[in-house]
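**Student:**
Protein chains in written order, with the working numbering: chain A, 1 to 847; chain B, 1001 to 1233.
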């Protein structure tokens, strides 16, 4: 149809504008899709491996930090309770020849396995399974995992379990019926109970007992019967609840990434809005002519919307492709963070779900339509008689200004009220942030005019009539500059907000580490994930250490994972000298009193995220499942801790041993005599342990650096998102300002005809765009700081329970200002160059 | 008058200029017969273009009514006025207002397409009309490649292509040199009369006025009928 052809050709005649709009949508959609794919791939991999490990299990018998006594399984089997049960020993093994690769050990009983896991070994099905039972150290792997490890049956593999070197033999391959099962079994070592117990030093103990209980009333009866057998400290939980708890752990982390990716989309939306508004403003005479010819308002609105959809569709398709590419990179970052902070997860491939892609498609097209709606309606309102009347448009814009300021202020007040209301919803926090952004965007044109008016005189004095003209042009062209400036402000503010949040967090963590880590050297065994705990230190090693010269004091600690209906948390068993206790930051209470109560009463101290998640405060009681049954412990203090977002309960070692008969230690804090050389001792201690157990020995400084490195890794993905938002912002600035200047070609040609030299033209154009950049940069500062405050005080607190110091780093503010300014000046270069190259007569004729 | 194509009754229009209200005209009355060529004279700012806008339905009066071909425009909704305009009115502007992103022939096809004619006959019709205005060889050029006179000839063809009942022209030669203006005007006059179209043309040119059947002048907000063209000559 000819009308559509007219619109399409308009787009093609403005290829740069079209290109930038498409890039804007593509980047916005790409970032959202990438994060979504990375998150969903990680979740999918987790669910698959969790399902592979739990099979058809409906309930699990779990114990305290030490797991479940093996005897209990025997009792349950002998009791002839009418349901299936199977013992499980689970742990992790690092492959010695493949640094960084961790496999999950799953020790099973082939006699009991039948109803639980399809792939699991069953006696008589294949002779390999018999070897599992009869040959110590024998394991099975999926064919794919064996291939990755370059292993064939009867070959040995060296692994590190809890810091100790072990060797296992592959006796057979697990046959998987399909790709999905193969994916589920990747990086899983299947072995029998005895081998697993031996490898993990858990003789006589199980990680858990899996059960398949009937549904409904029979479930209740079965549970009742079961409970009569359970010793103190052992509990039955639903298998899906356990899996849910683990997914829950990463929820806040993933939600934050999603929200940050949405920020990129919002910036992208402003870009589309700006492009469409601009193309409408630019085409007013054309639209007016069409209206005079009898094209209806509805047809004009449809025309603009279809144009926008076209841009949106191309941008979205490119965005989906970009998203898949980006997701491959982000997946590694997301997986690494999950591994650093939550649990061991191997994700080897991106799962391209149609749902993720459809969501991206819908989001891209939806965002484009929403962004184009206002300009489309505006185009539909073009009255035929106002053809060529720019003053009419600008007049309308100026009349709308007070309304925009009023609505914008209203939205910002609403956002503030929402933020001040009590509540823990992360979603509400993000909605308030987006309300604030929209409100501020609405008042930006008003603020810009006000600032520009103030700049008229200084510019006149500094740059003469040209300077004054540049300022006046911007004020007079409010319909173009207003939206462009608002788009810039949003984009630049997003980078400030995220930047300040990360830097505040980093400074706080650094300060906290300085204060919290007080020993000179730390020794620990290699960490485990959600299993029963870290491998204990060999007693022989402890004896050797006690004889090393230069050591003043050694404190012992134990890291254990607790699991209950609320999910997972860490129990930190510690001997804390009073001098080290001084390094703890408590939210309230007298430190000395807390110290006394911590060491002398049945009391614990809990970390801030723990207290936040469980809604606990100082003086409350916490129930823990001990080996002597459920016991209540008073919370004597709530301390700052950035070590775990799941929360930490710290208990005095002497108190712990009263309720858990566990004399073991998995970490040591070593305090040196003043004369000792730390680095020398670190080397000495490593050498001392080498033949017994592989340990991690850190000096205070090394541990601090390693912790900060983990922090940086955690925020690597956030930083990548920030860079992408900056990129979208940069494209937005270029797009808006370049289009604005190109549209002024005739006006500039008139100036050239009137005697303006090419140099003066350069100055005028880049001066104007630079001024908008400067203005946007300045106006972005308060919004960026406000966004950082919301991220720090509301979002992070609600997501992770962390409080942190607010650090306004001037370097980040300066970078943002520079970003806006450079992008804006660059945006002026092309139109200025084009105009300087073109003969004024040609430009006048082309118009 | 039942035999009139255009009938204006007590038409009033004013504009707000800041706090003040400027009355362009009040209680205008006029009728135009089918096939009549009427020229509208008046000083700049006297309201000539405003009257044209009201006649085409692209603006609404403060009071009074406009009736074209028995249809009262002033009671129609905005949408129906637009649908009426695309079918029954042709418009020629001083600054051509061709669609820059459409070729010459496409500019002609657009009004036909808007009224639902989209076949090979339409294309032949456009080609024939281009032939008549002497631009058959420029059918596939874009408007910005054409001279002012050529652009205005395309605009004339575009206004005529869908055979509207009423042709409105707002200073169609105002932007052209005398010779080109004369050529465009003769073309316009010939085609309009050939197709028996009713025409209302705003102009400053007395030469143009010489072609008209009737001359109307807006002065001090009133519409005055000038003496017969023959008398003036």
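The C-beta atom is built at its ideal place from N, Cα and C for all residues, glycine as well.
1) For residue 1111/B, go through chain A and note every residue whose CB falls closer than 8 Å to its CB, in chain order.
2) Starting from residue 164/A, trace the beta strand (DSSP E) both ways and give me its first and last residue.
3) Kindly indicate if chain B contains any beta-carbon less than 9 Å away from that of residue 1/A.
4) Could you check where the beta strand (DSSP E) with residue 607/A kicks off and where it finishes?
5) Residue 87/A bridges to which residues according to DSSP?
6) Are at least three pairs of beta-carbons, each pair with one atom in the segment 517 to 526 of chain A and one in the segment 467 to 481 of chain A, less than 8 Å apart?
7) Determine the chain A residues that contact residue 1100/B at a beta-carbon separation under 9 Å, and present them in chain order.
8) Go ahead and pull the three-state DSSP assignment for residue 639/A.
9) Taking contact to mean at least 3 C-beta pairs separated by less than 8 Å, is the segment 38 to 48 of chain A in contact with the segment 360 to 378 of chain A?
10) Given this structure, state the Cα-to-Cα distance separating residue 454/A from residue 400/A, to the nearest angstrom.
11) Flag residue 388/A as yes if its beta-carbon sits less than 9 Å from any beta-carbon of chain B, otherwise no.
12) Terminal residues of the continuous alpha helix (DSSP H) containing residue 102/A?
13) When you compare each of 381/A, 115/A, 117/A and 307/A to residue 1078/B by their alpha carbons, which one comes out closest?
14) Reducing DSSP to helix, strand and coil, say where residue 276/A ends up.
15) Please determine if the segment 1137 to 1145 of chain B and the segment 1091 to 1111 of chain B are in contact, where contact requires at least 3 C-beta pairs separated by less than 8 Å.
16) Can you pull the chain A residues whose beta carbon is under 8 Å from the beta carbon of residue 1015/B, in chain order?
17) Would you mind listing the beta strand (DSSP E) stretches within the segment 1165 to 1193 of chain B that are 3+ residues and don't spill past its ends, in chain order?
18) Give a yes or no on whether 9 Å exceeds the smallest Cβ distance from residue 1056/B to chain A.
19) Hey, how far is the Cα of residue 123/A from the Cα of residue 137/A?
20) For residue 1095/B, which residues of its own chain have a beta-carbon under 8 Å away from its beta-carbon, when the five flanking residues on both sides are left out?
21) Under DSSP, the alpha helix (DSSP H) around residue 1157/B begins and ends at which residues?
22) Closest to residue 558/A by CA distance: which of 485/A, 580/A, 651/A and 586/A is it?
23) Return the first residue and the last residue of the beta strand (DSSP E) that residue 563/A is part of.
24) Between residue 289/A and chain B, is there a C-beta pair that is closer than 9 Å?
25) Whole angstroms are fine: how far does the CA of residue 425/A sit from the CA of residue 209/A?
26) Give the residues from the segment 1166 to 1177 of chain B that approach chain A closer than 9 Å (Cβ to any Cβ), ordered along the chain.
27) Would you mind telling me which residues of chain B sit closer than 9 Å to residue 297/A, beta carbon to beta carbon, in chain order?
28) On a CA-only basis, which of 506/A, 114/A and 295/A is nearest residue 643/A? Give me that one, please.
29) Name the one or two DSSP bridge partners that residue 672/A has.
30) Determine the closest residue to residue 1222/B out of 1207/B, 1203/B, 1051/B and 1211/B, with distance taken between C-alpha atoms.
31) How should residue 22/A be labelled, buried or exposed, when 16 other C-beta atoms within 10 angstroms of its C-beta is the threshold for buried?
32) Could you tell me the distance, in whole angstroms, from the CA atom of residue 1185/B to the CA atom of residue 824/A?
33) Could you check the C-alpha separation between residue 1118/B and residue 1112/B for me, to the nearest Å?
34) Between the segment 1188 to 1203 of chain B and chain A, which residues of the former have a C-beta closer than 8 Å to a C-beta of the latter?
35) Identify every residue that forms a DSSP beta bridge with residue 1013/B.
36) Per DSSP, which one or two residues make a beta bridge with residue 220/A?
**Tutor:** The answer reads as follows:
1) Residue 1111/B sits at position 111 when you count from the first residue of the second chain. The contacting residues are 293 and 294.
2) Position 164 of the first chain, counted from the first residue, corresponds to residue 164/A. Start and end: 164 to 174.
3) On the first chain, residue 1/A is found 1 positions in, with the first residue counted as 1. Yes, its Cβ sits closer than 9 Å to a Cβ of chain B.
4) Numbered from its first residue, the first chain carries residue 607/A at position 607. Where residue 607/A is concerned, the enclosing beta strand (DSSP E) stretches over 603 to 607.
5) Reading the first chain from its first residue, position 87 is the one you call residue 87/A. Beta-bridge pairing links residue 87/A to 209/A.
6) no
7) Position 100 of the second chain, counted from the first residue, corresponds to residue 1100/B. 6, 9, 10, 13 and 286, listed in chain order.
8) Working through the first chain from its first residue, we reach residue 639/A at position 639. Strand, per DSSP.
9) no
10) For this step, residue 454/A is matched to residue 454 along the first chain. For this step, residue 400/A is matched to residue 400 along the first chain. Roughly 21 Å between the two C-alpha positions.
11) For the purposes of this step, residue 388/A is identified with residue 388 of the first chain, where counting begins at 1. Confidence at residue 388/A is low in this model, with a pLDDT of 41, below 50, so its placement is unreliable and the value that follows should be read with caution. Answer yes: the Cβ-Cβ gap between residue 388/A and chain B drops below 9 Å somewhere.
12) For the purposes of this step, residue 102/A is taken as residue 102 along the first chain, with counting starting at 1. Residue 102/A -> not in any alpha helix (DSSP H); beta strand (DSSP E) instead, spanning 102 to 108.
13) By one-based count along the second chain, residue 1078/B stands at place 78. The option with the nearest alpha carbon to residue 1078/B is 381/A.
14) Here residue 276/A refers to the residue found at position 276 when the first chain is read from its first residue. Note: residue 276/A maps to helix in three-state DSSP.
15) yes
16) Numbered from its first residue, the second chain carries residue 1015/B at position 15. Within 8 Å Cβ-Cβ: nothing; residue 1015/B doesn't reach chain A, min ~11 Å.
17) 1166 to 1170
18) For the purposes of this step, residue 1056/B is identified with residue 56 of the second chain, where counting begins at 1. Chain A, which has a Cβ nearer than 9 Å to the Cβ of residue 1056/B, makes this yes.
19) Residue numbering aside, residue 123/A sits at position 123 when the first chain is read from its first letter. Residue numbering aside, residue 137/A sits at position 137 when the first chain is read from its first letter. Bear in mind that a pLDDT of 44 at residue 123/A, under 50, signals an unreliable position, so the number given afterwards is only what the model happens to contain. Straight-line Cα distance between these residues: approximately 18 Å.
20) In the second chain, residue 1095/B corresponds to position 95, counting from 1. Only 1175 meet the Cβ criterion.
21) On the second chain, residue 1157/B is found 157 positions in, with the first residue counted as 1. Run containing residue 1157/B: 1148 to 1160, per the alpha helix (DSSP H) assignment.
22) Stepping through the first chain from its first residue, residue 558/A is reached at position 558. The shortest Cα separation from residue 558/A among 485/A, 580/A, 651/A and 586/A belongs to 651/A.
23) Reading the first chain from its first residue, position 563 is the one you call residue 563/A. That run of the beta strand (DSSP E) goes 551 to 564.
24) Numbered from its first residue, the first chain carries residue 289/A at position 289. Taking Cβ atoms only, chain B reaches closer than 9 Å to residue 289/A, which makes this a yes.
25) Locating residue 209/A in the first chain gives position 209, counting from the first residue. Locating residue 425/A in the first chain gives position 425, counting from the first residue. Computed Cα separation, rounded: 36 Å.
26) none
27) Position 297 of the first chain, counted from the start, is the residue given in the question as residue 297/A. Correct list: 1078, 1079 and 1082.
28) To locate residue 643/A, count along the first chain from 1; it is residue 643. It is 506/A whose Cα lies nearest to the Cα of residue 643/A.
29) The residue labelled residue 672/A in the question sits at position 672 within the first chain. According to DSSP, which records beta bridges pairwise, residue 672/A is partnered with 551/A.
30) By 1-based counting over the second chain, the position of residue 1222/B is 222. Considering only alpha carbons, the answer is 1051/B.
31) Translated into the one-based positions of the first chain, residue 22/A becomes position 22. So residue 22/A ends up on the buried side.
32) Here residue 1185/B refers to the residue found at position 185 of the second chain. Here residue 824/A refers to the residue found at position 824 of the first chain. Each residue's Cα considered, the two are about 50 Å apart.
33) The residue you call residue 1118/B lines up with position 118 of the second chain. The residue you call residue 1112/B lines up with position 112 of the second chain. Each residue's alpha carbon lies about 7 Å from the other.
34) none
35) Translated into positions along the second chain, residue 1013/B becomes position 13. Looking at the DSSP assignment, residue 1013/B forms a beta bridge with 1025/B.
36) Against the first chain, residue 220/A aligns to sequence position 220. According to DSSP, residue 220/A bridges with nothing at all.
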